[in-house]
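Before any comments, here is the structure.
Numbering (our numbering), first residue to last: 8 to 469.
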């Protein structure tokens with residue numbers, strides 16, 4: 008016998024309507040609802056007797072909230088309009104207390120929306136499953152196109168390996184909800200979580216004291232302990248740029264090559280190809296390709312475990328370089344060296360740094376010059392005054408060892424013009440004062456000699 012709804016149920020019902028605003032609920036009149044219910048016409052429109060509305064009013068509100076956060080309301084509306092669906096709903100305790108906090112945090116991150124959608128659609132089958140008649144082993148396709156296994160063990164019904172604790176918890180004309188003891192996790196979502204967790208674990212670097220280096224020989228004063236695979240070299244990058252006969256550090260072990268070393272030349276080639284494919288950085292790529300020694304040097308540094316951040320001027324900026332700036336011996340190399348930072352920085356890390364500290368000076372491969380970075384107009388600005396450039400194309404290439412950031416200008420070290428101007432003024436004053444002083448002395452000497460009649464013997468006095 009049908010019972011009249013209580014006022015509290017009516018209140019919950021209208022709250023559900025607000026949550027399902029994307030469903031385009033059609034509530035014309037009570038007679039229309041009765042007519043739709045008697046005729047069984049639910050295609051294209053969700054009414055108050057839908058299994059989706061019942062999900063919000065059931066004991067599985069945590070699942071309903073996840074559906075809303077995953078932006079799946081329209082997808083489920085389309086599924087209900089085409090099929091008679093079955094929802095395997097985990098109890099609220101399974102999502103609140105029993106779920107791994109790291110996994111729940113992973114699901115709710117904005118970048119993992121696809122994993123959350125796949126997980127939720129894995130709990131929905133696009134046909135009605137009546138468990139009172141299904142006791143044998145069956146496989147069913149879900150809305151995420153993965154298959155789940157329905158079976159029984161020791162008199163208990165199972166979906167995959169989770170127990171079904173409430174059969175036919177909610178029954179509606181367009182679907183049914185079965186309560187299960189825990190969340191079902193597809194293999195693809197579990198793999199995504201494992202990959203993210205392993206990447207986070209290997210990205211954490213344990214802080215250690217800097218090794219002591221003898222400034223005369225650039226050698227370690229004490230023998231360093233054996234380096235772990237993938238660890239950074241112990242010597243500064245400047246010592247590796249121009250090593251002596253036996254001063255270069257051993258290549259850092261790691262993935263990439265046949266001898267388990269980083270393939271730096273391959274990575275440098277990759278980022279140069281990325282510049283060409285990205286567009287607008289052909290001039291920078293041409294310089295790196297033509298200056299084979301520079302590209303080889305960068306590849307060797309990366310192979311030995313060093314990290315680099317390249318500030319790449321775009322073609323419009325490179326076109327402003329004059330012939331005099333490029334014609335001097337070694338000028339192109341010095342320009343590129345000033346645009347390479349021996350750190351791994353991304354657009355996010357640099358922007359957060361300048362937002363927090365105002366101005367940051369980064370070391371460059373052109374010793375001893377540094378490049379200044381500061382926050383400007385919501386971006387990162389490099390250089391000083393007129394000789395400055397903005398971060399124009401962020402994160403063109405990032406592979407964990409080489410980071411390429413596009414800028415809209417060519418940077419040059421700040422020259423000490425004031426000191427040079429002061430020296431020039433002092434030099435000009437001395438040059439002008441010497442003949443003036445000498446003329447006074449000669450004038451006095453010739454006057455004294457003239458009194459004695461001796462001035463005619465000196466050509467300077469004549």
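Ideal Cβ placement from N, Cα and C applies to all residues, glycine included.
Just how far apart, CA to CA, sit residue i and residue j?
{"i": "residue 471", "j": "residue 115", "result": "Lying outside 8 to 469, the shown extent of the chain, residue 471 is not represented and no answer is given."}
{"i": "residue 349", "j": "residue 248", "result": "11 Å"}
{"i": "residue 161", "j": "residue 354", "result": "57 Å"}
{"i": "residue 186", "j": "residue 202", "result": "30 Å"}
{"i": "residue 125", "j": "residue 178", "result": "24 Å"}
{"i": "residue 412", "j": "residue 404", "result": "7 Å"}
{"i": "residue 356", "j": "residue 336", "result": "35 Å"}
{"i": "residue 291", "j": "residue 422", "result": "24 Å"}
{"i": "residue 277", "j": "residue 310", "result": "14 Å"}
{"i": "residue 220", "j": "residue 122", "result": "49 Å"}
{"i": "residue 307", "j": "residue 110", "result": "40 Å"}
{"i": "residue 317", "j": "residue 150", "result": "45 Å"}
{"i": "residue 148", "j": "residue 389", "result": "55 Å"}
{"i": "residue 30", "j": "residue 80", "result": "In this predicted model, residue 30 has a pLDDT of only 39, less than 50, meaning its place in the structure is not dependable enough to derive any value."}
{"i": "residue 83", "j": "residue 204", "result": "30 Å"}
{"i": "residue 377", "j": "residue 365", "result": "16 Å"}
{"i": "residue 169", "j": "residue 407", "result": "40 Å"}
{"i": "residue 293", "j": "residue 222", "result": "37 Å"}
{"i": "residue 341", "j": "residue 108", "result": "51 Å"}
{"i": "residue 286", "j": "residue 270", "result": "25 Å"}
{"i": "residue 328", "j": "residue 391", "result": "17 Å"}
{"i": "residue 301", "j": "residue 295", "result": "7 Å"}
{"i": "residue 440", "j": "residue 228", "result": "Annotation note: pLDDT 41 at residue 440 (below 50); position unreliable, coordinate value reported separately. Roughly 56 Å between the two C-alpha positions."}
{"i": "residue 145", "j": "residue 166", "result": "10 Å"}
{"i": "residue 225", "j": "residue 416", "result": "36 Å"}
{"i": "residue 59", "j": "residue 131", "result": "12 Å"}
{"i": "residue 359", "j": "residue 199", "result": "28 Å"}
{"i": "residue 361", "j": "residue 72", "result": "38 Å"}
{"i": "residue 153", "j": "residue 171", "result": "19 Å"}
{"i": "residue 394", "j": "residue 243", "result": "29 Å"}
{"i": "residue 289", "j": "residue 379", "result": "25 Å"}
{"i": "residue 106", "j": "residue 183", "result": "25 Å"}
{"i": "residue 129", "j": "residue 74", "result": "12 Å"}
{"i": "residue 279", "j": "residue 272", "result": "11 Å"}
{"i": "residue 68", "j": "residue 62", "result": "7 Å"}
{"i": "residue 334", "j": "residue 326", "result": "14 Å"}
Compute every distance between the C-beta of residue i and the non-hydrogen atoms of the ligand FAD, then say whether any falls below 7 Å.
{"i": "residue 327", "result": "Absence of the ligand FAD is noted for the structure shown, with no ligands found whatsoever."}
Look up residue i in the DSSP assignment and give the residues it is bridged to.
{"i": "residue 389", "result": "380, 396"}
{"i": "residue 470", "result": "Given that the chain is displayed from residue 8 to residue 469, the structure contains no residue 470 and the question cannot be resolved."}
{"i": "residue 344", "result": "Its beta-bridge partners do not exist; DSSP assigns none."}
{"i": "residue 368", "result": "379"}
{"i": "residue 227", "result": "220"}
{"i": "residue 285", "result": "Bridge partners of residue 285: none, in fact."}
{"i": "residue 412", "result": "318"}
{"i": "residue 245", "result": "According to DSSP, residue 245 bridges with nothing at all."}
{"i": "residue 404", "result": "411"}
Measuring alpha carbon to alpha carbon, tell me which residue in the options is nearest residue i.
{"i": "residue 387", "options": "154, 363, 374", "result": "363"}
{"i": "residue 78", "options": "57, 100, 60, 117", "result": "117"}
{"i": "residue 135", "options": "104, 94, 323", "result": "94"}
{"i": "residue 381", "options": "373, 396, 419, 375", "result": "396"}
{"i": "residue 98", "options": "145, 87, 191", "result": "191"}
{"i": "residue 283", "options": "272, 298, 321", "result": "321"}
{"i": "residue 238", "options": "328, 314, 352", "result": "314"}
{"i": "residue 371", "options": "229, 129, 245, 200", "result": "245"}
{"i": "residue 127", "options": "302, 195, 400", "result": "195"}
{"i": "residue 305", "options": "171, 346, 60", "result": "346"}
{"i": "residue 374", "options": "410, 419, 102", "result": "419"}
{"i": "residue 410", "options": "383, 193, 119, 319", "result": "319"}
{"i": "residue 298", "options": "312, 86, 275", "result": "275"}
{"i": "residue 66", "options": "137, 54, 106, 175", "result": "175"}
{"i": "residue 352", "options": "324, 338, 133, 367", "result": "367"}
{"i": "residue 101", "options": "74, 138, 188, 63", "result": "188"}
{"i": "residue 56", "options": "87, 70, 69, 76", "result": "87"}
{"i": "residue 218", "options": "197, 206, 240, 324", "result": "240"}
{"i": "residue 92", "options": "402, 344, 137", "result": "137"}
{"i": "residue 235", "options": "312, 383, 173, 402", "result": "312"}
Strictly under 8 Å for the Cβ-Cβ distance: is residue i near chain C by that measure?
{"i": "residue 287", "result": "Within the model displayed, chain C is absent; a lone protein chain is all it includes."}
Completely contained beta strand (DSSP E) runs for the stretch 288-332, where each covers 3 or more residues: Entirely contained in the stretch 288-332, the beta strand (DSSP E) runs reaching 3 residues are, in chain order, 315-320.
Contained beta strand (DSSP E) runs [length at least 3] in the stretch 146-208, N- to C-terminal order: For the stretch 146-208, whole beta strand (DSSP E) runs of length 3 or above, ordered along the chain, are 154-160, 163-166, 169-179, 182-187.
Any alpha helix (DSSP H) of 4 or more consecutive residues that is wholly inside the stretch 56-143: You should have 58-64, 68-76, 80-89, 99-103, 108-115, 120-128.
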